[in-house]
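**Q**
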Ligand code: CP
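In our numbering, the protein residues as written are 351 to 670.
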């Protein structure tokens, strides 16, 4: 159902709402197209004309630094006209419904919505409601999915490690509330990672987490053994309805990544984090800023991956 909504009748990307239901060849195509966009940032004129004449609206109902900015830069580098609407200053704050906001923007001849919303399923709902020529890209919905983040993470992993088939990847921290973790697990499984290990206290893991195709550890020292890629997650306190941890300092003692703990992973392991990072809570500054960290590389890669996804979603309209 979700898959059908995301793809057109020729199997091409129309909306990008979730990794779920997509196949390895489509994910690999996204990574390959992103690869072709990486160098554009170094050009004197950082633009290609692929989406000239198209209008893209960034609709962010939740705060964002990285996702919103890289989507905006990506759209501009594709030569699209881009508007970023701040919901706190829009008529939503005067009681206008989500659907009425969308209908009014549609009336301005928009070609694509990039949507971040605190409610799971919001981007999917908008995709169902919009006119057939409009594409919707999910920039993070509640605890459900953050598919472009997962793809930029896969891109960064492939750039450094080349191949997924021998990789052991650990995702550490607040898996329960993380849309990023859900999308990463789906992408890593589709791309054929050798092992996905989630490491967290029991209170920060969803029920039946093994059914997602992961191994589980509650001990950071044991869990880091033989790991090639270490993905840290922040505690998502805005989504916690009750106290799930004794204290942040206790959490850091047990699950915070320090230089000493990182030595348990493989010597060439990379450290990733989708951001925003909370130094001294889930990660020590010496690791976040250290030689194994690729956190800022992830941010840079966000532009190329978002260019690829936007260009592919517009391809159905003959833009590529
Ligand atoms: N990784 C991520 O989604 O960051 P922002 O919330 O700053 O967009």
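We put the beta carbon where it would ideally sit given N, CA and C, even for glycine.
With C-beta atoms as the reference, is residue 674 less than 9 Å away from residue 546?
**A** The requested residue 674 does not occur in the structure, where the chain is confined to residues 351 to 670.
**Q** Near the ligand CP, which residues have their beta-carbon less than 7 Å from any of its heavy atoms, given in chain order?
**A** Spelled out in chain order, the answer is 413, 414, 415, 416, 417, 418, 490, 496, 499, 530, 624, 625 and 626.
**Q** Can you give me the Cβ contacts of residue 542 inside the same chain, cut-off strictly under 6 Å, excluding the 5 residues immediately before and after it?
**A** The sequence position of residue 542 within the chain shown is 192, counting from 1. The answer, listed in chain order, is 514 and 515.
**Q** Over the uninterrupted alpha helix (DSSP H) stretch that includes residue 622, give me the two end residues.
**A** By 1-based counting over the chain shown, the position of residue 622 is 272. Not the alpha helix (DSSP H): residue 622 falls in the beta strand (DSSP E), residues 620-622.
**Q** Measure the C-alpha to C-alpha separation of residue 351 and residue 609 and round it to an integer number of angstroms.
**A** Against the chain shown, residue 351 aligns to sequence position 1. Against the chain shown, residue 609 aligns to sequence position 259. Low confidence applies to residue 351: its pLDDT is 45, below 50, so where it sits in the model is not reliable, and the reading given next is rough at best. Those two C-alpha atoms are separated by around 45 Å.
**Q** In terms of residue numbering, what span does the alpha helix (DSSP H) encompassing residue 649 cover?
**A** Within the chain shown, residue 649 is the residue found at index 299, counting from 1. Residues 645-665.
**Q** In the DSSP assignment, the beta strand (DSSP E) including residue 419 goes from what residue to what residue?
**A** Counted from its first residue, the chain shown places residue 419 at position 69. Where residue 419 is concerned, there is no enclosing beta strand (DSSP E), although the alpha helix (DSSP H) it sits in stretches over 416-427.
**Q** Quick one: what's got a C-beta closer than 8 Å to residue 669's C-beta in the same chain, skipping five residues either side?
**A** For this step, residue 669 is matched to residue 319 along the chain shown. Residue placement at residue 669 is poorly supported in this model, since its pLDDT is 45, which falls under 50; the coordinates still yield a value, given next. So the list reads 400, 401, 404 and 661, once near-sequence residues are dropped.
**Q** Give me the Cβ distance between residue 410 and residue 416, rounded to the nearest whole Å; I'm assuming they're in contact under 8 Å.
**A** Walking along the chain shown from the start, residue 410 turns up at place 60. Walking along the chain shown from the start, residue 416 turns up at place 66. That belief does not hold up - the Cβ atoms of residue 410 and residue 416 are roughly 12 Å apart, past 8 Å.
**Q** Could you check what DSSP says for residue 566 in three-state terms: helix, strand or coil?
**A** One-based indexing of the chain shown puts residue 566 at position 216. DSSP places residue 566 in strand when its eight states are reduced to three.
**Q** Do the region 489-505 and the region 648-660 meet, that is, are 3 or more Cβ pairs less than 8 Å apart?
**A** In short, these stretches touch, since the Cβ pair count reaches three.
**Q** Whose C-alpha, out of 560, 530, 538 and 512, is nearest the C-alpha of residue 519?
**A** Here residue 519 is taken as the residue at index 169 of the chain shown, counted from 1. That would be 538, whose Cα lies nearest to the Cα of residue 519.
**Q** Give me the residue from 489, 512, 557 and 570 with the minimum Cα distance to residue 533.
**A** To locate residue 533, count along the chain shown from 1; it is residue 183. Closest option to residue 533, Cα to Cα, is 489.
**Q** Taking Cβ to Cβ, would you say residue 391 is nearer than 9 Å to residue 635?
**A** The sequence position of residue 391 within the chain shown is 41, counting from 1. The sequence position of residue 635 within the chain shown is 285, counting from 1. Not in contact: residue 391 and residue 635 (Cβ atoms no closer than 9 Å).
**Q** Give the DSSP-derived three-state secondary structure of residue 496 in the structure shown.
**A** Counting from one through the chain shown, the residue named residue 496 turns up at place 146. Correct three-state label for residue 496: coil.
**Q** Along the beta strand (DSSP E) that carries residue 483, what are the first and last residues, could you check?
**A** Position 133 of the chain shown holds residue 483. Looking at the DSSP string, residue 483 is not in any beta strand (DSSP E), and its letter there is neither H nor E.
**Q** Leaving out five residues on either side along the sequence, give the residues of the same chain with a beta carbon under 7 Å from the beta carbon of residue 630.
**A** As a working mapping, residue 630 is identified with position 280 in the chain shown. Cβ within range, chain order: 602.
**Q** Whole-angstrom Cβ separation of residue 619 and residue 580, contact assumed at under 8 Å?
**A** Numbered from 1 along the chain shown, position 269 holds the residue referred to as residue 619. Numbered from 1 along the chain shown, position 230 holds the residue referred to as residue 580. Right, their Cβ atoms sit about 6 Å apart.
**Q** Please specify which runs of the alpha helix (DSSP H), each continuous and at least 4 residues long, are wholly inside the region 427-458, giving them in chain order.
**A** For the region 427-458, whole alpha helix (DSSP H) runs of length 4 or above, ordered along the chain, are 448-456.
**Q** If you reduce the DSSP assignment to three classes, tell me which class residue 577 lands in.
**A** Start at 1 with the first residue of the chain shown, and residue 577 comes out as number 227. In this structure, residue 577 counts as coil in the three-state DSSP scheme.
**Q** So what does DSSP say about residue 628, is it helix, strand or coil?
**A** Indexing the chain shown from 1 puts residue 628 at position 278. Coil.
**Q** Ends of the alpha helix (DSSP H) at residue 402?
**A** What you label residue 402 is simply residue 52 of the chain shown in a count that begins at 1. Premise fails: residue 402 is in no alpha helix (DSSP H) and is neither H nor E.
**Q** Just how far apart, CA to CA, sit residue 664 and residue 386?
**A** For this step, residue 664 is matched to residue 314 along the chain shown. For this step, residue 386 is matched to residue 36 along the chain shown. Answer to the nearest angstrom: the Cα atoms are 17 Å apart.
**Q** Going by beta-carbon coordinates alone, are residue 355 and residue 363 separated by less than 9 Å?
**A** The residue given as residue 355 occupies position 5 in the chain shown. The residue given as residue 363 occupies position 13 in the chain shown. Result no, Cβ atoms of residue 355 and residue 363 do not sit closer than 9 Å.
**Q** Can the beta-carbon of residue 548 be found less than 9 Å from the beta-carbon of residue 566?
**A** To locate residue 548, count along the chain shown from 1; it is residue 198. To locate residue 566, count along the chain shown from 1; it is residue 216. Closer than 9 Å, so yes.
**Q** Hey, could you find the ends of the beta strand (DSSP E) residue 463 is sitting in?
**A** Within the chain shown, the letter at position 113 stands for residue 463. Run containing residue 463: 462-467, per the beta strand (DSSP E) assignment.
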